[in-house]
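489 is the number of the first residue of the sequence shown in our numbering; add one for each residue after it.
We treat Cβ as the ideally placed atom computed from N, Cα and C, and that holds for glycine.
Every value quoted in this text rests on a predicted model; they were computed, and no experiment measured them.
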Amino acid sequence: MKSGEFQNLGLYLKEKRLGAGLTQTELSQSLKVHVQFVSNWERGLCAPPSHCFHHLIDVLALSRDQVVVAMVSDSKRSIEAKVFKKKKKAKAG
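Laid out in C-alpha cells, this is it:
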C-alpha cells in the first residue's frame with residue numbers, strides 16, 4: 489500500500505484517541521496489538537484490521553458513520569490518484 493493511503497481515517501483515529509486521553513501505548517495494550525500498528529494507522533499507512541474496529545469504536549467512542557466517511561474519502565482519493573496518473577501517462581505517450 490502507498491504511504492498515506494488511509495490519511496483521513498488515520499487523522500480521525502488520532503483525534504479520537506487524544507480526545508479520549510489515551511497514549512498510543514495505552515490504546516495498543518487495550519487492543520492487544522503492537523504500538524507500531526497504532527502508529528501506522530494514525531499515519532495513514534494502513535487501516536486497522538476488521539477485528540479491531542469494534543473495540544476501537546467502543547474505546548474511542550467513534551462514530552460508525554465518520555469511520556465510513558473517512559474510509560470512503562481515502563478510497564476516493566486513492567482511486568482518483570490512480571486514474572489521473574494513468575491519464576497523464578497516456579497523454580505523455
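Exercise. Terminal residues of the continuous alpha helix (DSSP H) containing L530?
Worked result: Residue identity differs from the one stated: residue 530 is Glu in this sequence, not Leu. V523 to E530 is the span of the alpha helix (DSSP H), which, as asked, contains E530.
Exercise. Where does C540 sit, in a helix, a strand or coil, going by DSSP?
Worked result: helix
For this session: Taking 8 Å as the cut-off, decide whether the C-beta atoms of V556 and A508 are in contact.
Result: no
For this session: Work out the CA separation of E503 and L510 for me, nearest whole Å.
Result: 10 Å
Exercise. Hey, would you say L515 sits closer than 8 Å to R531, going by beta carbons?
Worked result: no
For this session: Compute the distance between the beta-carbons of V523 and T513, then report whether it is under 8 Å.
Result: yes
Problem set entry | C-beta atoms of E493 and S566 nearer than 8 Å | yes
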